[in-house]
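Trainee: Could you have a look at this structure, given as structure tokens, before my questions?
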Amino acid sequence: MSRVAIITRTIDRPVLLERTLQSILGQTCQDWHWVIVDGGNTEAVPHLLQTHGERIQGRVTHLRFANPKPGMRGVPINAGIQASQTEFITLLDDDDTWDPYYLQAMVRAMDTRPHPSVRGAVCRTLCIHESSVEQGLKPQRSYELNPKLSNLTLPQLAVVNCFCTHAFLYDRSALDAVGMYPEDYPVLEDWHFNLRFLLHHEILVVPQTLTHYHFRPPEAHGLQANSQTAERDDHKFHEARLINEALREDLRTGRMGLGHVLAQAALARQLSTTLHSHESRMKAIGDKTGKIDTRTKELKDKLLDKRG
């Protein structure tokens, strides 16, 4: 049995899915089983698997999936997890990719974990902005998402979901305490899961950039767009919902729990945003003042020249 289950959500994006498959086939660690949770209605996935069958060598489960809760992104993840039986689990959506050493480095980190409380590992991520599928997915710019990520604490994760789904590899057995991904969140299902995971277990950071998070232009609506650009309003609403639900649970049970941590983090974010706004305004005022001073000096110099 393979050690790592790779869960991929896909729906009618064959060009992107083939790139993801090439990323998997290019791994230096080949001890994996690929679970494709396919919400599409075409033969594109079977055709892709047949084309690359010799290299895949049977290490695939193609799960045709009609989501009983349309739009709820945790549902297909859970279906993929339940369709596998491996020691470790990681996700790789159909529009993202890995460095060839991702699986090797992450499995090694788990095999040499520094403490039994460590039940998962994350790495750093490179964000890649690229053109649309029609334009050839050409890279346009890139930057490190979390270059300073060196450890993970609950307060830190409460401020921002600081790692990507495909940068996280964890023990299947950790789900006994954590539970599955939420099935009533159309976005932020990963943050919801990550917070609960860290509430129960430690997550080790592998300080290497081994994952690639691909962004396509905002005008690429629908299936080509990624959730961050196509569903920004949903993110803000469900961020507040997640915080409020956790805080209500704390208040209901009369204890200081995750809700209080999230509430404090939300206030810190708000203060940081306000401070940044004030700093930007002060800088703008300073720039204008500098221009006025320069213009005033120029006028004075001209007057002095005329008098001379």
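With UniProt numbering, the residue at position 166 of the sequence shown is 166, and numbering never jumps. Every residue gets a Cβ at the ideal spot worked out from N, C-alpha and C, and that includes glycine.
Is it true that the CB of Phe163 sits closer than 9 angstroms to the CB of Cys123?
Mentor: A contact, by the Cβ cut-off of 9 angstroms.
Trainee: Per DSSP, which one or two residues make a beta bridge with Ile6?
Mentor: Beta-bridge pairing links Ile6 to Trp34 and Thr90.
Trainee: Who pairs with Ser142 in a beta bridge, going by DSSP?
Mentor: Paired residue(s): Ile128.
Trainee: Can you give me the Cβ contacts of Ala220 inside the same chain, cut-off strictly under 6 angstroms, excluding the 5 residues immediately before and after it?
Mentor: Residue placement at Ala220 is poorly supported in this model, since its pLDDT is 49, which falls under 50; the coordinates still yield a value, given next. Here the set comprises Ser132.
Trainee: When the Cα atoms are used, what is the spatial distance from Leu16 to Arg196?
Mentor: Near 30 angstroms, if we compare the C-alpha coordinates of Arg196 and Leu16.
Trainee: I need the boundaries of the alpha helix (DSSP H) containing Val45, first residue and last residue.
Mentor: Here the alpha helix (DSSP H) through Val45 covers Ala44 to Thr51.
Trainee: Quick one: what's got a C-beta closer than 7 angstroms to Glu183's C-beta in the same chain, skipping five residues either side?
Mentor: Cβ within range, chain order: Lys69, Met72, Gly74, Val75 and Asn78.
Trainee: Do Thr10 and Gly58 have their C-beta atoms closer together than 9 angstroms?
Mentor: Taking 9 angstroms as the Cβ cut-off, Thr10 and Gly58 do not qualify as a contacting pair.
Trainee: Could you compute how far the alpha carbon of residue 328 sits from the alpha carbon of Thr112?
Mentor: With the chain represented from 1 up to 308, any question about residue 328 goes unanswered, as that position is not in the structure.
Trainee: Note down, in chain order, each residue of its chain lying with its Cβ closer than 8 angstroms to the Cβ of Lys138, except the 5 sequence neighbours on either side.
Mentor: If we look at Lys138 and ignore the five residues flanking it on each side, its Cβ neighbours are Glu130 and Ser131.
Trainee: What residues match up with Tyr170 in a beta bridge as DSSP calls it?
Mentor: Paired residue(s): Ile89 and Gly120.
Trainee: Determine the direct distance from the alpha carbon of Trp32 to that of Gln85, and round the result to whole angstroms.
Mentor: When rounded, the distance between both Cα atoms is 11 angstroms.
Trainee: Could you name the residues that DSSP lists as bridge partners for His214?
Mentor: DSSP lists Ile128 as partners of His214.
Trainee: Thr20 lies in the alpha helix (DSSP H); which residues open and close that run?
Mentor: Looking at the DSSP string, the run of the alpha helix (DSSP H) that includes Thr20 is Pro14 to Leu25.
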